[in-house]
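Working notes for the structure below.
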Amino acid sequence: MCIPERLKETVRSHEGKSVVLGGSEVFQPENPGDGRLDKFTFVGFSQPAANCGDVEQLKLNISLSFDAQGHPALKLAMTNDGAKPVIIQPGELALTVLSRKVDMDPNWRHFPHPSDGPSYAIVTRHEFFCMDPKQGRHEVLGGKRRAAFKVRGQTQQMKNFKLASNETKDFIVDFTLTEGEYDIFVGYGGGVHASLSVASNLIAVDVAPDDTATFPKIKRLQRHETAHL
Numbered sequence: 114m115c116i117p118e119r120l121k122e123t124v125r126s127h128e129g130k131s132v133v134l135g136g137s138e139v140f141q142p143e144n145p146g147d148g149r150l151d152k153f154t155f156v157g158f159s160q161p162a163a164n165c166g167d168v169e170q171l172k173l174n175i176s177l178s179f180d181a182q183g184h185p186a187l188k189l190a191m192t193n194d195g196a197k198p199v200i201i202q203p204g205e206l207a208l209t210v211l212s213r214k215v216d217m218d219p220n221w222r223h224f225p226h227p228s229d230g231p232s233y234a235i236v237t238r239h240e241f242f243c244m245d246p247k248q249g250r251h252e253v254l255g256g257k258r259r260a261a262f263k264v265r266g267q268t269q270q271m272k273n274f275k276l277a278s279n280e281t282k283d284f285i286v287d288f289t290l291t292e293g294e295y296d297i298f299v300g301y302g303g304g305v306h307a308s309l310s311v312a313s314n315l316i317a318v319d320v321a322p323d324d325t326a327t328f329p330k331i332k333r334l335q336r337h338e339t340a341h342l
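For our numbering, count along the sequence shown from 1 and bump the result up by 113.
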């Protein structure tokens, strides 16, 4: 679910925290599918789900690198920052990719998208790991945008694993995106339910028509210049 642009500042004070919102007016063109909370109240802060362990101990950090051909690879560092070990459930880990909302395909089954802001999610609620690695990578269609990704080296279905205190486990994700401007982050726990989840940092990437990717070029403004955002 997303919230309308006009209401974003009402939750800005909770930035970086997992919260529960009670929606009383929801715009959802398709169910199941993305929706927008047009009217909501702040219920409180999310609590850990019994089956996810000590989620608040986890720290997620992502970074991006490019090969010689300009193809991107994402590195996820998952760290247990607490004093106790945590059992990680791979199904609770997910990748989210946001795209700038331009040239949306009116024939796309999710058109119009409920987001009224400048971006929309083309990858959401998709498992980080392939449930059946033999099927290859995830393929996602989002309007005129396409995304494909797979965890490098995954040869079998991932099982629960233990992350010891102060231990970090790294994963590399190879992916391709069609031309566009994107933001990427990774989350663990909670999902679409009202339980505690943690999110990584956000990374921006631009993809050219030839599928090569780069970090966005940001112009540093002089005092007399005005940004057009």
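Glycine included, C-beta positions come from ideal geometry on N, C-alpha and C.
Bridge pairing for ILE201: PHE274 [DSSP]. Excluding five sequence positions before and after VAL286, the CB atoms of its chain that fall closer than 6 Å to its own CB belong to LEU187, PHE262, VAL264, given in chain order. Between ILE175 and ASN314, the beta carbon gap of about 6 Å places them in contact (Cβ cut-off 8 Å).
Taking C-beta atoms under 8 Å as the contact rule, GLN160 and LEU309 qualify, at a distance of about 6 Å. With distances taken between CA atoms, GLU138 lies nearest to PRO227 out of GLN269, PRO227, GLU280.
Here SER126 is exposed. Its C-beta has fewer than 16 other C-beta atoms within 10 Å.
For VAL318 and ALA260, the gap between their C-alpha atoms comes out near 13 Å.
Cβ neighbours of PHE288 within its own chain (closer than 7 Å, five residues either side excluded): PRO185, LEU187, ALA260, ALA261, PHE262.
Between VAL124 and LEU206, the C-beta gap is not smaller than 8 Å, which leaves the two residues out of contact. Assigned with DSSP and collapsed to three states, GLU294 falls in strand. For THR154, the uninterrupted beta strand (DSSP E) segment begins and ends at 149 to 158. Rounded to whole angstroms, the separation of the alpha carbons of ASP323 and LYS172 is 34 Å.
If one requires a minimum length of 3 residues, the beta strand (DSSP E) runs lying completely within the region 161 to 187 are 171 to 179, in chain order. With respect to the C-alpha of LEU276, the residue from ASP194, GLY266, GLY183, THR209 having the closest C-alpha is ASP194. Non-local beta-carbon contacts of GLU292 in its own chain, meaning distances under 7 Å to residues more than five positions away in sequence, involve VAL320, ALA321, PRO322 in chain order.
When secondary structure is reduced to three states using DSSP, THR209 falls in the strand class. In the same chain as GLU294, and ignoring 5 residues on each side of it, the C-beta atoms closer than 6 Å to its own belong to ARG213, ASP319, in chain order.
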